[in-house]
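The opening position of the sequence shown corresponds to residue 0 in numbering that gives the first Met the number 0, with each subsequent residue numbered one higher. Here a beta-carbon is modelled for each residue, glycine too, at the ideal position from N, C-alpha and C. Here's the structure we're looking at; comments come further down.
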Amino acid sequence: MSAPTTTRRSTDTPRPPSHTPAPHRSAARSRASRWTTRGAVHGVLLLVALYSLLPLVWLLTSATKSVGDFSATSAFEFADFNLWHNLRDLFAREDGVFWHWIGNSLLYAGLGAVVGALICTACGYAVAKLEFPGRRALFAVTLTGVLVPPTALALPLYLLASHLHLVNTFWAVFLPLLTNPFGVYLARTFADASVPDEVLEAARLDGAGELRIFLTIALPMMMPGFVTILLFQFVAIWNNFFLPLVMLTDPELFPMTLGIYQWSTRAPQFPDYNPLVITGSLLAVVPLVTAFVVLQRQWRSGLSAGSVK
0 MSAPTTTRRS TDTPRPPSHT PAPHRSAARS RASRWTTRGA VHGVLLLVAL YSLLPLVWLL
60 TSATKSVGDF SATSAFEFAD FNLWHNLRDL FAREDGVFWH WIGNSLLYAG LGAVVGALIC
120 TACGYAVAKL EFPGRRALFA VTLTGVLVPP TALALPLYLL ASHLHLVNTF WAVFLPLLTN
180 PFGVYLARTF ADASVPDEVL EAARLDGAGE LRIFLTIALP MMMPGFVTIL LFQFVAIWNN
240 FFLPLVMLTD PELFPMTLGI YQWSTRAPQF PDYNPLVITG SLLAVVPLVT AFVVLQRQWR
300 SGLSAGSVK
């Protein structure tokens, strides 16, 4: 006898044919979206770069022009390269007063940036790591100083300097530039993130004083924040204009910003001041670019300095 044969009905449902696999379509769509995003970002970066660099290019081309070349050439066209003649005239005008302006700006900005950054770093470290009554209230009051525009403080500072007989002196400009509420806020943030409490406690157990702990332990750990505050201080003091305008009347105490401004007010009546103003403005940009190029290497150099081992 032969065994009965049974037929098995298939229960599988047929699938509809797919002409284009879904993964290929999603990958193509993601690649197109990625290139579109990159193009938009690169376009924005190009516009920002042009917006930042075109004034510098205009300064460079205009510094090579004489008085007559301003009307005979276009904005971004080099002239007969009178830059050296403009530089000689710049440093010789009014018995070389521009040398005094350069020295004053370097003194205000250089010394003020170092001392101001050190004060801000110490204040931020104290608020972050030291326990004393009213610490949070003091920090809150300090933060409110960020909201106050510097121009609103010019008249009170002038009255205070007048009471102390400091008007038209170096100290009338230098001392107010040493305070920076935003620098204190940055220093507090860096101290919280980079200075471990265990290291401070170990140093105190070894008998180290608070000043020594700050200078030898906390400050090296906070070096990226210190350099950042230093750059902010340097740029702010170098570009400071309104405070010297209020405080100073002696041209030999002027910074470069105020001196160049005074020459620019004479340019409508005396056109020979135009090349001097433009050449002086070009020289005023050089220390800022140099400071960023030199100090930006220090931003990351202290990230692991003094770490816990």
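From what residue to what residue does the alpha helix (DSSP H) around Pro250 run? Counting along the chain, Pro250 falls outside any alpha helix (DSSP H), and DSSP gives it neither H nor E.
Which runs of the alpha helix (DSSP H) at least 4 residues long sit entirely within the segment 119-195? Give them in chain order. 134-143, 153-162, 169-173, 180-193
Under 8 Å, do Leu58 and Leu281 count as touching if we go by C-beta distance? yes
If we count the other Cβ atoms within 10 Å of its Cβ and call it buried at 16 or more, is Arg187 buried or exposed? buried
Alpha-carbon spacing of Gly206 relative to Arg134, whole angstroms: 24 Å
How is Ser104 classed by DSSP in three states: helix, strand or coil? helix
Answer yes or no: do Gly115 and Asn167 have a C-beta to C-beta separation smaller than 8 Å? no
Backbone CA spacing between Ser73 and Ala127 [nearest angstrom]: 55 Å
Under a three-way DSSP split, which group does Val66 fall into? coil
Output needed for Phe173: all residues of its chain with C-beta closer than 7 Å, excluding positions within five of it in sequence on either side, in chain order. Tyr107, Gly111
By how many angstroms is the C-alpha of Pro175 removed from the C-alpha of Ser263? 26 Å
Along the alpha helix (DSSP H) that carries Asn238, what are the first and last residues, could you check? That residue, Asn238, is in no alpha helix (DSSP H); it is neither H nor E in DSSP.
In the structure shown, what three-state DSSP assignment does Pro286 receive? helix
How would you write the range of the alpha helix (DSSP H) that Leu210 sits in, first residue to last? 209-212
Alpha carbon to alpha carbon, how far is Ala217 from Arg211? Give it in angstroms, no decimals. 9 Å
Just to check my reading of the structure: Pro243 and Phe253 have Cβ atoms closer than 8 Å, yes? What is that Cβ distance to the nearest angstrom? 6 Å
8 Å Cβ shell around Leu199 - same chain, five flanking residues per side excluded: Lys128, Ile212, Ile216, Ala217
Whole runs of the alpha helix (DSSP H) within the segment 31-62, excluding any shorter than 4 residues: none
From the DSSP output, in three-state form, read off Cys92 for me. According to the sequence provided, residue 92 is Arg. The question's Cys does not apply to it. In the structure shown, Arg92 sits in coil (DSSP, three-state: anything other than H, G, I, E or B).
Hey, Asn85 and Pro274 are a contact pair by Cβ (cut 8 Å); roughly how many whole angstroms apart? 5 Å
Alpha carbon of Ala283 to alpha carbon of Pro155, nearest angstrom: 29 Å
Check whether the segment 137-148 and the segment 228-239 touch, using three or more Cβ-Cβ pairs below 8 Å as the test. no
Using only the alpha-carbon positions, how far apart do Ser162 and Leu152 sit? Sequence check: residue 162 is His here, not Ser. Roughly 15 Å separates the two Cα atoms.
Ala190 and Met221: beta carbons closer than 8 Å? yes
Using CA atoms only, rank isn't needed, just tell me which of Gly123, Glu209, Gly109, Ser65 is closest to Thr289. Gly109
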